[in-house]
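K.L.:
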Amino acid sequence: GDSVTQTEGLVTVTEGLPVKLNCTYQTTYLTIAFFWYVQYLNEAPQVLLKSSTDNKRTEHQGFHATLHKSSSSFHLQKSSAQLSDSALYYCALSDPGGYKVVFGSGTRLLVSP
Amino acid sequence: ETAVFQTPNYHVTQVGNEVSFNCKQTLGHDTMYWYKQDSKKLLKIMFSYNNKQLIVNETVPRRFSPQSSDKAHLNLRIKSVEPEDSAVYLCASGQGAGNTLYFGEGSRLIVV
């Protein structure tokens, strides 16, 4: 079946420095959508980024990600981390019908002063 | 602004009891989902419905049963709760292929 792998459970970074959260996937579908969701403390997950186009950079709120089908990756990056970025980040993929969205195990990002 | 509403937000119950969670979305979406978020924050799909029809039914114990009266409502009943059912149950809705999920605030279940 489909799967999403996030290798880091916790990423710590100093404010102002760049950050990268890794995401790789396995799927048998040719056409599929990829997401990054963010969950702040005591809140529901919400979408941060979405992409279904190979090799196209997607940006939102200072974060960016590029889908690379050749390496089955959709890493999330930010050039300058902010204290308010501290949260739990999930990488996810959706089947072609949108009926099943599979999430990775999540990466907690902690930005320190 | 919240558009996926879940009740109750919090429920404590004893092993063997029955519990129900309700979910309503006002986004006009065709698809609704139930996810389980455990203590390790793993987010696992349980069910998805499209226009009241069950589409996805993951490997979930039989004591869990979803119910949908129309495309805006999706409830979840747990017939006889077990300690491992303690988790946050998240309802979500979405529309179409490659859709973004919109989550409710969650229903936290504690089984004692």
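Same order as they appear, the protein sequences are chains A and B.
Each step along the first sequence adds one to the number in my numbering, with nothing skipped, and position 71 is 71.
To convert a position in the second sequence, counted from 1, into my numbering, add 113.
Cβ atoms here follow ideal geometry from the backbone N, Cα and C, with glycine treated the same way.
Keep in mind that this is a model prediction, so the values were computed, not measured.
Given N130 (chain B), which residues of its chain have a CB within under 7 Å of its CB, disregarding the five upstream and five downstream residues?
P.N.:
These residues qualify, in order along the chain: V194.
K.L.:
Near K100 (chain A), which residues of its chain fall below 8 Å by C-beta distance, leaving aside the five closest residues on each side in sequence?
P.N.:
Result list for K100 (chain A): D2 and S94, in chain order.
K.L.:
Excluding five sequence neighbours on each side, which residues of the same chain lie with their C-beta closer than 8 Å to the C-beta of S133 (chain B)?
P.N.:
Once the five neighbours on either side are set aside, the close Cβ partners of S133 (chain B) are N188, L189, R190 and I191.
K.L.:
Measure the C-alpha to C-alpha separation of Q119 (chain B) and C136 (chain B) and round it to an integer number of angstroms.
P.N.:
Near 5 Å, if we compare the C-alpha coordinates of C136 (chain B) and Q119 (chain B).
K.L.:
Can you confirm whether A33 (chain A), when its beta carbon is compared against all beta carbons of chain B, has any partner nearer than 7 Å?
P.N.:
So, interface residue.
K.L.:
When you compare the CB of E131 (chain B) with every CB in chain A, is at least one pair closer than 7 Å?
P.N.:
By this cut-off, E131 (chain B) is not an interface position.
K.L.:
Are at least three pairs of beta-carbons, each pair with one atom in the segment 78 to 89 of chain A and one in the segment 6 to 16 of chain A, less than 8 Å apart?
P.N.:
The segment 78 to 89 of chain A, when compared against the segment 6 to 16 of chain A, does touch it at the 8 Å Cβ threshold.
K.L.:
State yes or no: is the C-beta of D183 (chain B) within less than 7 Å of the C-beta of N163 (chain B)?
P.N.:
In this structure, N163 (chain B) does not lie closer than 7 Å to D183 (chain B) by Cβ.
K.L.:
Residues in its own chain within less than 7 Å of V47 (chain A) by CB, not counting five upstream and five downstream?
P.N.:
Cβ neighbours of V47 (chain A) beyond the five flanking positions: F35 and Y37.
K.L.:
Just the Cα atoms here: how many angstroms apart are H64 (chain A) and G104 (chain A)?
P.N.:
C-alpha separation (whole angstroms): 18 Å.
K.L.:
Along the beta strand (DSSP E) that carries C136 (chain B), what are the first and last residues, could you check?
P.N.:
Unbroken beta strand (DSSP E) run through C136 (chain B): V132 to Q138.
K.L.:
For R227 (chain B), which of A:L49, A:Y40, A:A44 and A:C23 has the nearest alpha-carbon?
P.N.:
This structure cannot settle anything about residue 227 (chain B), because the visible part of chain B is limited to 114 through 225.
K.L.:
How would you list, in chain order, the residues of chain B whose beta-carbon sits under 9 Å from the beta-carbon of F103 (chain A)?
P.N.:
Those are Y148, L155, L156, K157 and I158, listed as they occur along chain B.
K.L.:
Can you check whether the C-beta of S94 (chain A) is within less than 7 Å of a C-beta belonging to chain B?
P.N.:
Yes, S94 (chain A) counts as interfacial toward chain B.
K.L.:
Name, please, each residue of chain B whose Cβ falls closer than 7 Å to the Cβ of S52 (chain A).
P.N.:
Residues of chain B passing the Cβ test: G211.
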